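**Q** Numbering (our numbering) for the sequence shown: 19 to 680. Each residue gets a CB set at the ideal place from its N, CA and C atoms; glycine is no exception. Fair warning: this is a prediction, and the values are worked out from it, not measured in the lab.
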Amino acid sequence: ISPPLSQSLPRPPAISAMYKVLVATGDVLLAGTYSSISITLIGARGESPKQRLDHLGRDFIRGAVDEYEVSCEQDLGPLLMVRLHKDPYLYFPSDNWFCRFVRVKTPQDETYHFPSYQWMEGYGTLTLREGTGMVPPPSWDLGCSGADPSPCSVSHRGPDLYRVADPGPLRVQLQPSCTHRRKLPPPRPLWTEYAPGWPRCLNVGSTEELNSNSKYLFTMTTVFAMRTAKSNHGHFLSSEYVTEHWVDDDFFGYQYLNGVNPVIIRKCTKIPENFPVTQEMVAGSLAEGTSLQKELEVSCTTVQQPLRAAQTAATQQVENKFTHCLAHPSPSISQTPGPENPIFLPSDSTWDWMLAKIWVRLANFHVHEVNTHLLEAHFLGEVYTMATLRQLPMCHPIYKLLIPHTRYIFHINTLARTSLLQAGGLLDKATSTGREGMLKLLARGLQATSYTSLCLPDDLEDRGVTSLPNYYYRDDGMKIWAAIEKYVSGIVGFYYKSDAAVKGDSELQAWIHEIFTEGFLSRKSSGVPSSLETAPELIRFLTMVIYCCSARHSAVNSGQFDFAAWIPNTPPTLRQPPPKVKGATTLQSVLDTLPDDLPSTCIRRLGNYPDEHFTEDEPKRHIAAFQAQLAEISKEIKERNQMLPLSYSYMDPAVVENSVTV
């Protein structure tokens with residue numbers, strides 16, 4: 019006799035736990051997907067079966083936050099991670115999907131957050147850790163707030179330090195075996211040397227090798243075009259002011275205070291040996307009742323000493339193009355005094371004095387563009403990013419702190435290396451040094467770069483400009499530095515309860531060591547630490563990284579149109595060698611020396627963190643306080659600028675970006 023039909027069918031599994039799952043899709047263009055998305059929940063007591071997330075109609079459209087129910091036969095206990103599975107659906111072609119986050123509510127009404135904020139390319143599986151910041155297990159007994167003792171969690175931190183925390187920079191198709199870190203193709207090393215003496219960089223040949231997490235989006239490219247037009251319009255008055263006043267001596271000096279290279283002016287207490295200026299030479303330029311010696315004694319005279327760093331690379335002739343360095347206020351055209359290298363004075367002819375200042379601006383262009391901008395902002399910023407992705411898993415609090423300040427740096431730097439810096443590229447064709455001179459200049463710049471020069475308070479003290487009047491870069495920069503430092507101190511204090519906790523964090527120590535070896539080439543004289551022993555040391559270094567990738571980059575980048583749109587004020591090249599005698603310069607010789615025609619929102623402001631990598635309340639409070647302090651700084655700067663004939667807004671938090679994107 020056949021059993022009843024109800025007894026012959028397999029019984030559905032008993033459901034003892036129901037989880038509510040929220041999945042958020044990004045709101046950028048093409049963030050949605052037609053692929054099939056499934057999920058696996060992993061807890062301390064087990065894991066759920068793979069379950070497809072599906073509603074009637076289309077799921078995972080751009081900007082959507084979809085809610086689903088996931089059933090399990092047992093309570094999984096505290097949730098540790100989730101796996102997202104991306105599989106083909108019907109006949110639809112493979113596409114990419116940007117997942118912002120996954121949020122899970124347990125039967126006990128507890129909510130777990132799983133930040134993602136990354137693209138899934140192709141088909142495969144992505145594992146996301148629970149969002150609570152966690153330091154590595156070896157530091158658990160050393161006083162860390164978020165030690166990570168779970169065996170399951172430990173295995174997913176990534177035991178192999180050569181695995182890269184998502185979002186990794188390289189385009190690698192997801193595979194079913196991918197876990198918390200994405201493994202790079204074994205034949206290709208992560209680091210590479212672009213040029214001898216340069217910081218090491220990401221080993222890619224073009225932006226096509228970058229994955230979607232590191233590349234500009236289509237919308238970003240469009241925003242850049244719109245921002246350029248808007249920026250040019252908004253800065254029209256500043257560029258017009260430069261055009262009208264570039265020949266004025268006071269404005270010439272002002273540019274070293276508040277122009278695009280405000281980090282090289284320093285106190286002068288004695289006359290350099292290679293600059294034999296005398297009292298008689300400058301008497302006409304000094305106020306009545308004073309002298310050159312008195313000015314030196316009260317430290318009122320400043321010179322641009324770092325311009326000397328360009329001499330070896332830039333004084334050589336490259337295809338009949340010349341660049342020389344000089345000092346101010348009475349420039350000579352090279353670093354070797356002699357009959358054919360006179361010191362030019364304001365009392366000389368109008369054309370002699372004008373041409374001498376043009377040569378100063380040429381030297382400043384190269385030092386600014388190559389060292390201040392490319393080296394200290396872009397390429398060292400890439401080093402910080404590389405070390406963060408290589409050595410810190412996504413659950414590490416320092417990863418969460420720094421990742422917003424690394425956005426798009428791989429893309430912009432790869433573009434620079436493959437177009438701007440390559441042989442025959444723009445710098446090679448349009449600058450006096452050419453590519454070969456630029457390579458040497460940057461290598462010399464790295465040799466001269468110190469930890470002191472990158473930390474704003476120490477840099478100002480070292481250059482002797484802490485009390486220099488009307489120095490808005492210092493005034494605005496110190497406010498932003500203090501705001502960043504306060505924010506970083508709150509985050510570090512929450513996760514590290516002792517100096518021993520910092521010293522015992524193996525992932526953190528690997529991170530700082532890699533920055534020292536790959537970025538600063540293990541040069542101890544730089545003062546850059548190779549290890550971090552205390553919480554104050556960690557706070558100082560993190561503050562420096564965030565400041566250099568945001569506010570400092572804005573200060574040396576945002577004013578380029580203002581000060582360089584008028585080519586005589588910032589010439590990238592000059593067509594004639596420097597003058598060897600006085601009195602021979604004419605208007606025509608100045609014109610012959612100047613270059614001819616040259617070959618011709620996705621914006622996230624400092625403190626704007628739409629990607630919520632921190633999930634705990636305490637870090638969120640520090641972020642809110644940081645944002646409030648930045649808003650107050652912005653208000654103060656705007657009020658100050660209303661009283662100035664030429665406003666200084668490059669370090670206004672309202673225009674400073676989180677990271678080096680341009």
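1. Can you find at least 3 beta carbon pairs, one from the region 555-569 and one from the region 398-405, that sit closer than 8 Å?
2. What beta strand (DSSP E) runs, 3 residues minimum, are completely inside the region 48-115?
3. So the alpha helix (DSSP H) Tyr274 belongs to, where does it begin and stop?
4. With 16 as the cutoff for other CB atoms within 10 Å, does Ala332 come out buried or exposed?
5. Closer than 8 Å is the cut-off here; do at least three beta carbon pairs connect the region 636-651 with the region 506-519?
6. Evaluate the contact criterion for the region 473-485 versus the region 401-412: three or more CB pairs, one atom per stretch, below 8 Å.
7. In terms of residues, what are the limits of the alpha helix (DSSP H) holding Val153?
8. Can you grab the Cα-Cα spacing for the pair Pro214 / Leu460, in whole Å?
9. How long is the line joining the alpha carbons of Pro360 and Thr354, rounded to whole angstroms?
10. Just to confirm, are Ser450 and Leu592 a CB contact at a threshold of 8 Å?
11. Would you mind reading off the limits of the beta strand (DSSP E) that contains Ser507?
12. May I ask you to report which of helix, strand or coil DSSP gives Met372?
13. When the Cα atoms are used, what is the spatial distance from Asn676 to His391?
14. In whole angstroms, give me the CA-to-CA distance for Arg379 and His531.
15. Quick test of your reading: Pro671 and Gly625, contact by CB under 8 Å. State the CB separation rounded to the nearest angstrom.
16. Arg435 by DSSP, collapsed to three states: which one?
17. Report the CB separation of Trp115 from Asn231 in whole angstroms; it is logged as a contact under 8 Å.
18. Alpha carbon to alpha carbon, what distance is there between Gln440 and Lys447?
19. Below 6 Å CB to CB, which residues in the same chain sit around Thr51 once its five sequence neighbours on both sides are set aside?
20. Which same chain residues, not among the five before or five after His131, have their C-beta less than 6 Å away from its C-beta?
21. Candidates Val153, Leu220 and Ser53: which alpha carbon is nearest Ile416's?
22. At what residues does the beta strand (DSSP E) containing Glu454 begin and finish?
23. What does the Cβ neighbour count give for Asn382, buried or exposed, with the cut at 16 atoms within 10 Å?
24. Glu555: which of Tyr514, Gly356 and Lys542 sits nearest, CA to CA?
25. Spatial neighbours of Thr611 within its chain, please: CB distance less than 8 Å, with the 5 preceding and 5 following residues excluded, ordered by chain position.
26. How should Tyr109 be labelled, buried or exposed, when 16 other C-beta atoms within 10 angstroms of its C-beta is the threshold for buried?
**A** So, from the data block:
1. Of all C-beta pairs linking the region 555-569 to the region 398-405, three or more are shorter than 8 Å, placing the two stretches in contact.
2. Restricting attention to beta strand (DSSP E) runs no shorter than 3 residues, the region 48-115 encloses them at 54-61, 83-90 and 97-105, ordered along the chain.
3. Stepping through the sequence shown from its first residue, residue 274 is reached at position 256. Asp267 to Asn276 is the span of the alpha helix (DSSP H), which, as asked, contains Tyr274.
4. As a first step, residue 332 is located in the sequence shown; it is residue number 314 there, counting from the start. For Ala332, the pLDDT reaches just 36, beneath the cut-off of 50, and the residue's location in the model is therefore unreliable, although a value from the coordinates is still provided. It is buried - the Cβ of Ala332 has at least 16 other Cβ atoms within 10 Å.
5. Under the 8 Å Cβ criterion, the region 636-651 counts as touching the region 506-519, having at least three qualifying pairs.
6. The way I'd put it, the region 473-485 doesn't touch the region 401-412; fewer than three beta-carbon pairs between them come closer than 8 Å.
7. On the sequence shown, position 135 is the one that residue 153 refers to. Per DSSP, Val153 lies in no alpha helix (DSSP H) segment and is marked neither H nor E.
8. Within the sequence shown, the letter at position 196 stands for residue 214. Within the sequence shown, the letter at position 442 stands for residue 460. Between the alpha carbons of Pro214 and Leu460 lies a distance of about 10 Å.
9. Stepping through the sequence shown from its first residue, residue 360 is reached at position 342. Stepping through the sequence shown from its first residue, residue 354 is reached at position 336. Going from the Cα of Pro360 to the Cα of Thr354 covers about 10 Å.
10. Translated into positions along the sequence shown, residue 450 becomes position 432. Translated into positions along the sequence shown, residue 592 becomes position 574. By the CB criterion at 8 Å, Ser450 and Leu592 fall inside the cutoff.
11. For the purposes of this step, residue 507 is taken as the residue at position 489 of the sequence shown. Unbroken run through Ser507 is the alpha helix (DSSP H), Tyr490 to Tyr513; no beta strand (DSSP E).
12. Position 354 of the sequence shown holds residue 372. The answer is helix: DSSP assigns Met372 an H, G or I state.
13. The residue you call residue 676 lines up with position 658 of the sequence shown. The residue you call residue 391 lines up with position 373 of the sequence shown. Using only the alpha carbons, I get a separation of about 16 Å.
14. Start at 1 with the first residue of the sequence shown, and residue 379 comes out as number 361. Start at 1 with the first residue of the sequence shown, and residue 531 comes out as number 513. Their backbone Cα atoms lie some 38 Å apart in a straight line.
15. Reading the sequence shown from its first residue, position 653 is the one you call residue 671. Reading the sequence shown from its first residue, position 607 is the one you call residue 625. With 8 Å as the limit, Pro671 and Gly625 qualify as a contact, their Cβ atoms being about 7 Å apart.
16. As a working note, residue 435 is residue 417 in the sequence shown. DSSP, read as helix, strand or coil, puts Arg435 in helix.
17. As a working note, residue 115 is residue 97 in the sequence shown. As a working note, residue 231 is residue 213 in the sequence shown. Not a contact, Cβ separation roughly 12 Å.
18. The count along the sequence shown starts at 1 and reaches residue 447 at position 429. The count along the sequence shown starts at 1 and reaches residue 440 at position 422. Near 10 Å, if we compare the C-alpha coordinates of Gln440 and Lys447.
19. Reading the sequence shown from its first residue, position 33 is the one you call residue 51. Around Thr51, the same chain offers Phe78, Asp113 and Trp115 as residues with beta carbons nearer than 6 Å, after the five sequence neighbours per side are excluded.
20. Taking the sequence shown and counting its residues from 1, one reaches residue 131 at position 113. If we look at His131 and ignore the five residues flanking it on each side, its Cβ neighbours are Arg121, Gly149 and Thr633.
21. For the purposes of this step, residue 416 is taken as residue 398 along the sequence shown, with counting starting at 1. Closest option to Ile416, Cα to Cα, is Val153.
22. The residue you call residue 454 lines up with position 436 of the sequence shown. Glu454 -> not in any beta strand (DSSP E); alpha helix (DSSP H) instead, spanning Gly452 to Ala466.
23. As a working mapping, residue 382 is identified with position 364 in the sequence shown. By the 10 Å Cβ count, Asn382 comes out buried.
24. One-based indexing of the sequence shown puts residue 555 at position 537. Looking at the Cα atoms, Tyr514 is the closest of the given residues.
25. As a first step, residue 611 is located in the sequence shown; it is residue number 593 there, counting from the start. Taken in chain order, the residues that qualify are Leu373, Ile376, Leu592, Arg593 and Gln594.
26. Along the sequence shown, one-based indexing puts residue 109 at 91. Answer is exposed; the Cβ neighbour count stays below 16.
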